[in-house]
Amino acid sequence: MPDIHLHIERLILDGLPLERSQGPQVQAAVEAELSRLLTTSGIGAQFQAGGAVPSVRAPALQLADNSSSTQLGQQIAQSVYSGLGNSR
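Under my numbering, residues 1252 to 1339 are what the sequence shown spells out, in order.
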């Protein structure tokens, strides 16, 4: 399996009821879930030889009212992963 380096410069979360203090928890959950997805499922064929994507339009999230920061981070990661052309 090739080494995968993923750099997310900015993650824009419009319309989510987040407090600034939740940011680090959401970030940690996004990183952990993306790492898990990339380790277990790999990356799409279009990136097998490397490449860069200036932006990813990820599918919309469906959040429950009582979603935790961890659940939110996991859903964001899954959406980003899907936006990279991968199916879960």
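In this text, a Cβ means the ideal position worked out from N, Cα and C, and glycines have one as well. Predicted model, so just to flag it, every value in this text is computed and none were measured.
- prompt: What separation, rounded to the nearest whole angstrom, lies between the Cα atoms of P1268 and L1314?
  reply: 11 Å
message: Can you find the residues in the same chain that come closer than 6 Å, C-beta to C-beta, to G1324, ignoring five residues on each side of it along the sequence?
response: V1277, A1280, V1281
message: If you measure between the beta carbons of L1289 and I1255, is that distance less than 8 Å?
response: yes
message: To the nearest angstrom, how far is the alpha carbon of A1270 from that of Y1332?
response: It is worth fixing the name first, because residue 1270 is Glu in this sequence and not Ala. Using only the alpha carbons, I get a separation of about 24 Å.
message: Which of the three DSSP states is assigned to A1311 in this structure?
response: coil
Spatial neighbours of G1295 in its chain, beta-carbon cut-off 8 Å, leaving aside the 5 residues before and after: L1335, G1336, N1337
query: If you draw a straight line from the C-alpha of V1304 to the C-alpha of F1298, how long is it?
result: 10 Å
query: Are E1284 and A1311 close, meaning C-beta to C-beta below 8 Å?
result: no
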